[in-house]
Amino acid sequence: MKRPITLTVNGEACVGDIEPRTLLVHFLREHLGLTGTHVGCVVGECGACSVLVDGQLVKSCLMLAVQADGCAVTTIEGLSTSGTLHPVQEAFVNRFGLQCGFCTPGFVMASHALLMRNPNPTEEEIRRDLSSNLCMCTGYVQIVEAVKEAAVKLEQWRTSRT
Amino acid sequence: MADITHIGRRARSKEAPRHVSGRGQYVDDLSRPRMLHACILRSPYAHARIVAVRADAAAKLPGVRAVLTPADIKALSQPFKPGRYAAGLRVPIAEYASAIEKVRYVGEPIAIVAADTRAIAEDAIELIGVDYEPLPAAASIQDAVAEGATPLYEELGSNVGWQGKVSYGDVDAAFARADRIVRESLKIHRYSSTPLEPFACLAEHSPERLTITCNSQSPDVIYEALSEALSETLSETLSGALGTAAVRVLVPDVGGGFGQKIHLIRKYAVLTALMAVKTRRPVKWIEDRSEHMMAGGHSCEQEFDVEAAVKADGEVIGLKIRDTDDVGGSVSTLTIHFTNKLNNLFNTYTVQHLTLEGRSVLTNKCPVVPNRGIGKPGMCFVWERMMDRIAQELGLDAIAVRRRNLIPASAFPYTTPNGNIYGSGEYETLLDKVLVNVDYDEVRRRQAEERRHASPAAAGPPRGTYTGIGVVIGVEPGGRNAARDMAIFPASKQMPGAGGVEGATVKIEKNGSVVFTLGSPSCGQSHETTAAQIIADVLGVSPDRVSLATTYDSALSPWGVSSSNSGNNFHLYDVGAVHGAATRLRDKLLTLAAHVLKEDKDRLAIESGVVSLGENSISFAELGKIAYTNQAQMPPGFEGGLQVTYFHSHPHADPLMLPDSQGRVRAQYTFSSAAHAAVVEVDVETGRVRVVRYVIVSDNGTLINPSVVDGQIYGSAAHGISVALGEGFVYGADGQLLTLTLLDYGKSTTLETPHIEIEHHPVPDPFTTLGQKAAGEGAAIPSPAAIASAVEDALSPLGVKVRDLPLSPERVWRLINARV
Chain C
12 MKRPITLTVN GEACVGDIEP RTLLVHFLRE HLGLTGTHVG CVVGECGACS VLVDGQLVKS
72 CLMLAVQADG CAVTTIEGLS TSGTLHPVQE AFVNRFGLQC GFCTPGFVMA SHALLMRNPN
132 PTEEEIRRDL SSNLCMCTGY VQIVEAVKEA AVKLEQWRTS RT
Chain A
21 MADITHIGRR ARSKEAPRHV SGRGQYVDDL SRPRMLHACI LRSPYAHARI VAVRADAAAK
81 LPGVRAVLTP ADIKALSQPF KPGRYAAGLR VPIAEYASAI EKVRYVGEPI AIVAADTRAI
141 AEDAIELIGV DYEPLPAAAS IQDAVAEGAT PLYEELGSNV GWQGKVSYGD VDAAFARADR
201 IVRESLKIHR YSSTPLEPFA CLAEHSPERL TITCNSQSPD VIYEALSEAL SETLSETLSG
261 ALGTAAVRVL VPDVGGGFGQ KIHLIRKYAV LTALMAVKTR RPVKWIEDRS EHMMAGGHSC
321 EQEFDVEAAV KADGEVIGLK IRDTDDVGGS VSTLTIHFTN KLNNLFNTYT VQHLTLEGRS
381 VLTNKCPVVP NRGIGKPGMC FVWERMMDRI AQELGLDAIA VRRRNLIPAS AFPYTTPNGN
441 IYGSGEYETL LDKVLVNVDY DEVRRRQAEE RRHASPAAAG PPRGTYTGIG VVIGVEPGGR
501 NAARDMAIFP ASKQMPGAGG VEGATVKIEK NGSVVFTLGS PSCGQSHETT AAQIIADVLG
561 VSPDRVSLAT TYDSALSPWG VSSSNSGNNF HLYDVGAVHG AATRLRDKLL TLAAHVLKED
621 KDRLAIESGV VSLGENSISF AELGKIAYTN QAQMPPGFEG GLQVTYFHSH PHADPLMLPD
681 SQGRVRAQYT FSSAAHAAVV EVDVETGRVR VVRYVIVSDN GTLINPSVVD GQIYGSAAHG
741 ISVALGEGFV YGADGQLLTL TLLDYGKSTT LETPHIEIEH HPVPDPFTTL GQKAAGEGAA
801 IPSPAAIASA VEDALSPLGV KVRDLPLSPE RVWRLINARV
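The structure is reproduced here in structure tokens:
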């Protein structure tokens, strides 16, 4: 028996008619074609599927799509809608904070969520927070550098707007 | 060539913008009209005979389009030919894409279902009934070789699949004149780099061809596997006499490789392809995490008995190693971990006399596969643990013992006793620098102070944290010579290929932009960025105007035996191919420009995409327009277009590309090197090891993009550290894998992984295109030994010896508490 759901994804209203067992990550990827959210473990360990649900960081493999009914979801595709990269994305590019790119959308979303909560984190705070996500390529050094750079960029961005 | 301006710079990544915005294109991101989804039934037993497989109920489930049982798979496909990883196999053994009569490890594929959705395919898998006759499982080397053990392969008569030996110099004479023999038994465990994207295949069958899109690191393996396994099926289903010529392999973005995606993925490419042939519909199969953990391939558990013949001053004059490799439940990678030890057999040392005896034992565990260095981390572990042990037994300083044995800078190019030619290196300088950078004397001073304040051993169980430091050195071989195995297996009838061949195509478009194609796929090593920097310098354009035209496509990419994201091949073969193609294209461009400008070709300069002599100039776009559209403006006899394909083979592949009469052969062609220093704190009450500092001084030859090389070093070091700290596969005595998730497996996160510090000390290679050497798997080779050395140093007041990995808290606690 399928269930109808209505939600907002990256600012656009979406409807779905889905099996209740459908995971949010599979709904995003297969029903909406938002393939930037990746599946690395499907049991909440790797964080490659991290998205924002009503502003909170969520591993979308640990949430059923029906649980997101009525929510606002932001995926990696929706982080920047202006045509330019978001400061967090730009910092990951500048600092070589990725290699194969498979974990990257999850790390960018997790870093973005961290910097929204804590605009000026220490290295220890960055490492503690991002331990939710796994990267097999980088050894994390350049990811941590990217988050530090993103914090500076976001601060400048905020200052320039006030 | 124009003045070098982009090589050596931290040029902006070309791959990163699409990945940070979620626009990478991995296999699972692709979809086709009428595409089906496949799911695989796997063995729950480590060892069992398959008595019967009943698939009727699964086939009748609505939405299921096809089911293949072992009988179907045997009827529709042919076995793989024994590959080069199985050199030395004494009886031919047919291996199909799935288990046929027996299962030999938990997770071995048995049957496959294709259905309208993945969920239906998974439901159908549960409806397949299999009758098994369980057999005794050998879950360890000891069980497998025990008297009366049930053989995995009856044809072999026992579970010792191969035994052999290589010997260089006069080892017995060296041992006879030694002042002392130092003996040790060492062990390295099963692990994997666990790429975050598991295996993925999308197969499409048309009347013209079979196309498979998959995340293979070595598409030639897939190409050959499909040709071998499906040639008869394809010749019946494809039109005309195309047969195997009509296999096409595509590799889009790959979510990490590390060797995992070289070998066993061929099974799944064949199974997915069979489904596409049977249903005449596109079929996608995506492996899940637990499937990858149990059946995607592991590195090899290796046991070493080592004897070193030493002089009183610490000189090592001979080494004898007995190596037992637990190769798991397949003969297809029987000797790969043995043969790869030839690549760094002598590490950085001058010893001339060495024997390596090998034994490959089949066990009811996941087959072993290439993984970040293959046997090389084990070989380096042997050398560097022995250096520490020799120092302890002789009462010498461990770093001084290493210095006593290092190949001196004046000896390069240096030929090792087994035929490897090290082009360049300054090993002593690497050690000097790493000691400065890690502040070695200060660490020793603090350690001495800490030990003065520690409670005396008699005052009860040890408490607090103990500091230790380990300093090791290792080589990172690069650029494969496929003829290596011929030195060990001269009887092999099939020459595995020798030296290397890899191509690149560089093209100036009609609008003046530059595109290129490589023969090999990438798994995240920034090949596009690196290659674009080289092309930009050779052609005289900005890297912004240079881009990769397409990812790997066997029908279009200029590929050869070296077109593999393995063996650290890129730096040697792809760089040579890209440079060669760009150089030839530059010459062609100048020929055309000289004719149009009516100038002497040799006097022309190129800058920012404009060819000029003084005021007389012409842009790439104008030249492109002529080359593709206007024969009247071309010189007589000029071949139209501005495109060059060039295949690179190493110009210095000889001597010793083929083995000589003494069995000397070049296993790989370049030899990066690095010194690693680890400072650890061990909590002696809990056994927890914290890596306080991790410092590397690395010689990777000429750096093309230092940020890219940094990333390779950081990543491979982090993996080696995680291996040493506790990640690994654990099996129960019944052969059940107990570590099916990344959490159980124990992969280090940002919390356990230290901030790694790198200093580059590049010593250009005299034989490569730009002086470059390898950078990829390198830091994963010495890092397990560095952590072992540091932990042993920390616990030396307690008399602890580190012989095995991993050093998980539980195992360190046991070491502390088991001491006499």
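Protein sequence lines, in the order shown, are assigned to chains C and A.
Per the working numbering, residue 12 is the first one in the first sequence, and the count goes up by one each step.
Per the working numbering, residue 21 is the first one in the second sequence, and the count goes up by one each step.
Cβ coordinates follow ideal geometry from the N, Cα and C atoms, glycine included.
A quick note: this is a predicted structure, and the numbers were derived from the prediction, not measured.
In this structure A/S727 is not in contact with A/R74, their Cβ atoms being roughly 56 Å apart against a cut-off of 8 Å. Nearest CB-CB separation between A/V269 and chain C: not below the 8 Å threshold. Taken in chain order, the complete beta strand (DSSP E) segments of 3 residues or longer contained in the region 130-218 of chain A are 149-154, 180-188 and 200-208.
Within the same chain, and ignoring the five residues on either side of C/A162 in sequence, the residues whose Cβ sits closer than 7 Å to its Cβ are L126, P130, N131 and P132. The C-alpha of A/A601 lies about 12 Å from the C-alpha of A/A552. Taking a Cβ-Cβ cut-off of 7 Å, the neighbours of A/L763 in chain C comprise E56, given in sequence order. Among the residues of the region 539-560 of chain A, those with a Cβ less than 8 Å away from any Cβ of chain C are C543, G544, Q545 and S546, in the order of the chain. By the beta-carbon neighbour count (other beta carbons within 10 angstroms, threshold 16), A/N531 is exposed. Taking 8 Å as the Cβ-Cβ cut-off, the region 85-98 of chain C approaches chain A at T86, I87, E88, L90, S91 and L96, given in chain order.
Closest option to A/L61, judged by alpha-carbon separation, among A/E142, A/A86 and A/R309: A/E142.
Excluding the 5 residues flanking it on each side, C/K13 has same chain C-beta neighbours closer than 7 Å at D28, I29 and E30, in chain order. Our two residues, C/T46 and C/C111, have alpha carbons roughly 15 Å apart in a direct line. Restricting attention to A/E244, A/S205 and A/R32, the CA atom closest to the CA of A/K101 is found in A/E244. Per DSSP, the continuous alpha helix (DSSP H) segment holding A/G735 begins and ends at P726 to L745. Scanning A/K94, A/D343 and A/D333 for the CA closest to the CA of A/W182 turns up A/D343. For A/E779, the enclosing beta strand (DSSP E) stretches over residues I776 to H780. Closest option to A/Y46, judged by alpha-carbon separation, among A/G103, A/C234 and A/Y188: A/C234. Spatial neighbours of A/L147 in its own chain (CB-CB distance under 7 Å, excluding positions within 5 residues in sequence) are listed in chain order as A77, A78 and L81.
Nearest to A/S540 by alpha-carbon distance, out of A/P272, A/R85, A/L815 and A/G189, is A/P272. For the options A/S546, A/K340 and A/T383, the alpha carbon positioned closest to that of A/D192 is the one of A/K340. If you check each beta-carbon in the region 289-309 of chain A against every beta-carbon of chain C, the ones closer than 9 Å belong to I306, D308 and R309. Between A/G748 and A/P397, the C-beta spacing is not below 8 Å. Every alpha helix (DSSP H) of 4 residues or more that sits fully in the region 115-150 of chain C is shown, in chain order, as 115-128 and 134-141. A/K527 has A/V535 and A/Q663 as its beta-bridge partners, per DSSP. Within the region 12-34 of chain C, contact with chain A at the beta-carbon level (separation under 8 Å) is assigned to E30 and R32. The Cβ atoms of A/Y152 and A/I208 do not sit closer than 8 Å to each other. Here the alpha carbons of A/H668 and A/T788 stand approximately 11 Å from one another.
With a threshold of 8 Å between beta carbons, C/V163 makes no contact with chain A. The bridge partners DSSP lists for A/D703 are A/T485 and A/R708. In the structure shown, the three-state DSSP call for C/H97 is coil.
If the five residues before and after A/S637 are omitted, its C-beta is found closer than 7 Å to the C-beta atoms of V630 and V631, all from its own chain and listed in chain order. Within the same chain, and ignoring the five residues on either side of A/R110 in sequence, no residue has its Cβ closer than 6 Å to its Cβ.
In the DSSP assignment, A/V521 falls outside any beta strand (DSSP E), carrying neither H nor E.
Around C/V99, the same chain offers V119, S122, H123 and A161 as residues with beta carbons nearer than 6 Å, after the five sequence neighbours per side are excluded. Across the region 101-128 of chain C, CB contacts with chain A closer than 7 Å involve F103, V104, F107, L109, Q110, C111, G112, F113, C114, T115, P116 and V119, in sequence order along the chain. In the DSSP assignment, the residues bridged to A/I341 are A/V326 and A/L376.
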